[in-house]
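Shown next, in structure tokens, is the structure this report addresses.
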Amino acid sequence: MKKRRIDWWLVAILILAAFLYGWNIWEATSANDYYTAAITSMIQSFHNFWYGAFDPAGFITVDKPPVALWFMAISAKIFGVHGWSVVLPSILFGIGSVALLYAMIKPYFGPWSARLAALVMTLTPIVVADSRTNNMDATLVFFLLLAGYLLLKAVDRQKAWMVVVSFGLIGVAFNIKMLQAFMILPAMFFFYWIASRQNWKKKILTLVMATAALAGLTLAWPVAVDSTAASERPYVGSSQTNSMMELAFGYNGTERLLGQTTGTGGAFPGMGSKSKESTTGGMPAAGGTGAEATAKPQMGGTPPSGFKGSGKAPTNGQGPTGQKPPSGTRPSGTPMNGATESTANKAKAGTPPSGAAGMKKPSGKMGGGMGGGNNAFSIGTAGPLRILQSDLGPQISWLLPAALIGIISAYAYFYDRKRQWYQTNRQQQHIWYWVAWLVPVAGFFSVAGFFHPYYTIMLAPPIAALVGIGLVTMFKQFKQQLTRWTAWLLPITLVVTVGLQAWYVSMSYTWQMWLVIVAGIVALGILFAGRKGKGKLGVIAALVAMLAAPAWWSLTPTLAGESAGIPYAGPALLQQGGQSGGIGSGTVDSGLLSYVTKHQGDAEYLFATSDASTAAPYIIKTGKAVMAIGGFNGTDPAITLKQFKALVKAGKLKYFYDSGKSGNSAIVKWVEKNGKKISSSKYSSTKQTQANGMQGGFGGVSQGTLYQLK
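All residue numbers for the sequence shown refer to the working numbering, where the first residue is 1 and numbers rise by one.
Dropping the structure here:
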């Protein structure tokens, strides 16, 4: 038997990943409360588990498929619903992704390329931030890497069934975050075609079977949902026609590319802008992933027509003739953690920690770079350099120059002069795999109009792989005569990478950027001084110079105990003390909760409200059903006025809490006209608590209005 040795360098990197992704995660409170509310509901019944129901009554789903949530729900079922327990699967998948990347590179490029790739992946700021939340992205990346790993093994072993399984895993990944999973399909098709040693007929047959597996596993769950009578399942959150397929190819599909609000054809302000300064234009400052903080004006669509006695979702009928679909307006924006808008804007500007020497004061600009603060819609100016710009760059692009130059270095290093220029050897084929992953994904982010900065975790694996492969070949080429052009690739990489990093650092700090520049100059000098010797000191100096700044950015979510709905990394987190919670304040008004609980009686719902951001903390706190009549931000046509009245008449719903956020205006107007307004003195509380029972710190009394329905 082949003797296996433990790579202690890899063990150290995995321990580092576990620390960065897991340390301080007990500060997560409710994590992204939109998804934590769903997890609270999912562990109460298999019905809710299967559909990914947002509320315990199974009225509406979250706006993503449930596969990632299934893992979180299992964790919560074992350990109870806590911030750390719902985040635990993301932590484990984040660590697993580092290990998979190592395993994909070592057999073809050696242990040091694999170690460097794993280290770069570990120290990518947005990877750390995403792995510390209960969003879907860390889970998605793990399954994409697992699919790639099996494909690489399938080609080596000439196993067609492994190719089929690898493509099938992309279908599973689709049911984690829908079309985002398909971004790497060009790389998989291309790699198999150029790397497989089968004849072209067998290649085509294998790819046909693989595509069939992909299609089958992609569509199995969405078709099962859409084929189920609407009265027997929750309404599909964030869809306009109660269809999972519409959600996949509309809201989570073409609208991402076009930057549209659902059904309007209008672009989001500040997204895909031609101007250099991003603005939110009244859009929400933050929201859960998935909980996309979108402002989708209420549009027509086939509204649900009725409920069964079980209190499950309405059927998808038309409702009474001539009845207009519920109307709604774009929400004005709900800053994260319940802060006021002015407070949220200050946070976006990147206010440094008090007493933090050298940190810049806020510029006052909205979305002033993700290096300094968080803005859910700050994605820069559309164009080929967008991912290098100040909004996205500090999250993902610290080592992008090293990756791009690494492609040139590695391809030249493994070039075989005995082959024709169009023929590739094994190492070049694997380089093409990572390039084919990098280019389409970077292309999407360069032109797309609707995404959040943390989606750029999709770029982390190819960047890390190409940096690990390229740096090793550059170090070897640097030992050659300086008359060879390849010998200059390492110094050029060091200069360009450090220069870009100094710019990113300057967005949050003043004089510290000079430390980055000086470190680069010193490393460059040591490189050339030790070029004729072994040069180990030069290699170490170059790595330290290029990894120090991104390592600090990666450390900030860990130090701050961050687990946010819109995850990001940067020094601003140290001032804000991390960002916990997903789409709303994450707080519960204890007086309001006490009042509605006392008077709930045998009603199925504790109360109804317009949107999920208001409902989520109460679901987490009590485990009881709170109806978000308009889904995530109040604008889904999930229930008609007629159906709402029927619930009230049947005694299933006694209270409506108007939080002041936009939503189904027809229902809100009816409530205001026919409901009994409860005096705030009867339920107001000077105490607001986090959904998990911790003191909220926002204080004050409820700002909404409670109505008793009759």
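Cβ coordinates follow ideal geometry from the N, Cα and C atoms, glycine included.
Contacts around residue i, its chain only, beta-carbon distance under 7 Å, and the 5 residues preceding and following it disregarded
i, result
"G383", "S446"
"A76", "I39, I43, S85 and V86"
"I194", "T424, Q429 and W432"
"V505", "Q512, M513, V516 and A549"
"T139", "A68, F71, P89, S90, F93 and I176"
"N134", "A31, N32, Y35, T36, M72, V86, V87 and S90"
"G355", "For G355, the pLDDT reaches just 38, beneath the cut-off of 50, and the residue's location in the model is therefore unreliable, leaving the point undetermined."
"Q427", "Y108, F109 and F414"
Residues of its chain near residue i, where Cβ-Cβ distance is below 6 Å and the 5 sequence neighbours each way are ignored
i, result
"P66", "G52"
"V648", "L709"
"M546", "T497"
"L438", "P462"
"V671", "F656 and Y707"
Residue environment, residue i, which counts as buried when at least 16 other CB atoms sit within 10 Å
i, result
"K654", "buried"
"R157", "exposed"
"L573", "buried"
"Y422", "exposed"
"R233", "buried"
"G663", "buried"
"A224", "exposed"
"Y102", "buried"
"N32", "buried"
"V11", "exposed"
"I15", "exposed"
"V62", "buried"
"D602", "exposed"
"W485", "exposed"
"L706", "buried"
"F632", "buried"
"D611", "buried"
"F475", "buried"
"F191", "buried"
"S227", "exposed"
"I95", "buried"
"G168", "buried"
"D416", "exposed"
"R4", "exposed"
CB contact check: residue i to chain B, cutoff 7 Å
i, result
"L515", "Judged by its chain identifiers, the structure shown contains no chain B, having just a single protein chain."
For residue i, three-class secondary structure by DSSP
i, result
"V668", "helix"
"T381", "strand"
"T712", "Nothing can be reported for residue 712, as the shown portion of the chain is limited to 1 through 710."
"Q708", "strand"
"V626", "strand"
"Y422", "coil"
"I60", "strand"
"Y192", "helix"
"D658", "strand"
"A608", "strand"
"Y235", "strand"
"L119", "helix"
"K159", "coil"
"A99", "helix"
"K676", "strand"
"L399", "coil"
"L69", "helix"
"A220", "helix"
"A31", "coil"
Rounded distance between the beta-carbons of residue j and residue i, thought under 8 Å
i, j, result
"I170", "L214", "6 Å"
"I667", "I629", "6 Å"
"A176", "A248", "Residue identity differs from the one stated: residue 176 is Ile in this sequence, not Ala. Actually they do not touch by this definition, with Cβ atoms about 12 Å apart."
"T587", "L606", "That pair is no contact at about 16 Å."
"A173", "F143", "4 Å"
"W595", "K652", "According to the sequence displayed, residue 595 carries Tyr and not Trp. In fact, because the Cβ distance is near 18 Å, the residues do not count as touching under 8 Å."
"I78", "A465", "Actually they are not in contact, since the Cβ atoms of I78 and A465 sit about 34 Å apart, beyond 8 Å."
"L482", "I405", "With a Cβ gap of about 17 Å, L482 and I405 do not count as contacting."
Cut-off 8 Å between Cβ atoms - residues of its own chain near residue i, not counting five sequence neighbours on either side
i, result
"W8", "none"
"G538", "A523, I526, L527, F528, A529, G530 and R531"
"A129", "Q395, Y454, P557, E562, A564, P567, Y568 and A569"
"R115", "D7, W9, L10, I13, Y102 and G468"
"W50", "P66"
Cβ-heavy atom distance, residue i to the ligand HEM, below 6 Å
i, result
"G250", "No copy of the ligand HEM occurs in the structure displayed, which carries no ligand at all."
Which runs of the beta strand (DSSP E), 3 residues or longer, sit entirely within the stretch 508-594?
-> Inside the stretch 508-594, DSSP marks whole beta strand (DSSP E) runs of 3 or more residues at positions 587-589, from first to last along the chain.
Complete alpha helix (DSSP H) runs within the stretch 427-475 (minimum length 4 residues, chain order) | none
What are the complete alpha helix (DSSP H) segments, minimum 4 residues, inside the stretch 483-507?
-> 489-506
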